[in-house]
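Under the working numbering, think of the first position of the sequence shown as -1, with each following residue one higher.
Glycine included, every Cβ here is placed at the ideal spot set by N, Cα and C.
Everything numeric in this text was worked out from a predicted model, so none of it was measured.
So the structure is just underneath, and the comments pick up after that.
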Amino acid sequence: MAGANIDLGLDFLDSYKKHLLEDIEHRHNFKRFTIKADGEFLKERDVIGFYSLDYTNYGNPGNPDWLVTLKNDYNQYDENSGIMKEVISQAYDSVESFLYYLVFGKKVKNDFTVCVVPRSKPSKPHYLKEAVQTSILYYGDGYSRKPAHIHEPEIFDGTNAIIRQKDTRTTHLQGSDGGDDPYPGITKDTCLLDVGAIRGKNILLIDDIYTHHHRDNGQKS
């Protein structure tokens, strides 16, 4: 009977993962793409990426307007306001869904570390980073309680591996708000990088701008 209970539990777990994955794919429609090495911004190897949100223009049907509010560039919303709580929740849902999509959809097979591209200004709020940290903690809680014979990638928190120290221009805003435009090597000039968190690791980078610098510092994939 004990063996039967284990089999029943595994069947339930597999069914749960299947339905969760189907729901995630229906709601987010993740797409895979390739960032081609150009010898300048990305030196040596192509990089595989995933995305689910096409940003067209604020207010357009289906546009992720919550991303604009999440950046909160003009600080028009208090951090504890209902609006900010809602968009932070949407950010968390998107990140959490993406992590489960990668794992349960078997898009990745090895352990990986999640890093986040920092905001253009050190002083700006880091709501997306906080959403990523929460998602990793939640996944880690479930990972620690899974049966030992179930093999799934472990996710490590590398959200503090890239810390902005010098202003760069906010590229999604018109005009200059201080700082340089993006150029090859801007990460080295404007950020403090924890090489130990990256070297020899498989990195999931939330954004694609800093892939080049990660490779320079020994990122495995």
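Beta-bridge pairing of Thr32 - partner residues as DSSP gives them: Within the sequence shown, numbered from 1, the residue matching residue 32 stands at position 34. Paired residue(s): Ile46.
Rounded separation between Asn158 and Val112 - CA only: As a position in the sequence shown, residue 158 is number 160, starting the count at 1. As a position in the sequence shown, residue 112 is number 114, starting the count at 1. For Asn158 and Val112, the distance between alpha carbons rounds to 10 Å.
Sub-8 Å separation of Lys107 and Tyr99 beta-carbons: To locate residue 107, count along the sequence shown from 1; it is residue 109. To locate residue 99, count along the sequence shown from 1; it is residue 101. The answer is no: Cβ separation not under 8 Å.
Pairwise C-alpha distance: Val85 and Gly138: Position 140 of the sequence shown holds residue 138. Position 87 of the sequence shown holds residue 85. Looking at the two C-alpha atoms, the distance is approximately 23 Å.
C-alpha distance - Phe39 paired with Tyr181, whole-angstrom precision: The count along the sequence shown starts at 1 and reaches residue 39 at position 41. The count along the sequence shown starts at 1 and reaches residue 181 at position 183. Answer to the nearest angstrom: the Cα atoms are 8 Å apart.
Beta-carbon gap between Ala129 and Tyr90 smaller than 8 Å: The residue labelled residue 129 in the question sits at position 131 within the sequence shown. The residue labelled residue 90 in the question sits at position 92 within the sequence shown. Yes, these two residues count as a Cβ contact at 8 Å.
Between the CA atoms of Trp64 and Thr54 - distance to the nearest angstrom: Along the sequence shown, one-based indexing puts residue 54 at 56. Along the sequence shown, one-based indexing puts residue 64 at 66. Cα to Cα, the separation comes out at about 13 Å.
Cβ-based neighbour list, Pro151, same chain, cut-off 7 Å, excluding 5 preceding and 5 following: The residue given as residue 151 occupies position 153 in the sequence shown. Counting only Cβ-Cβ distances below 7 Å, and skipping sequence neighbours, we find Val101, Val106, Lys107, Asn108, Asp109, Phe110.
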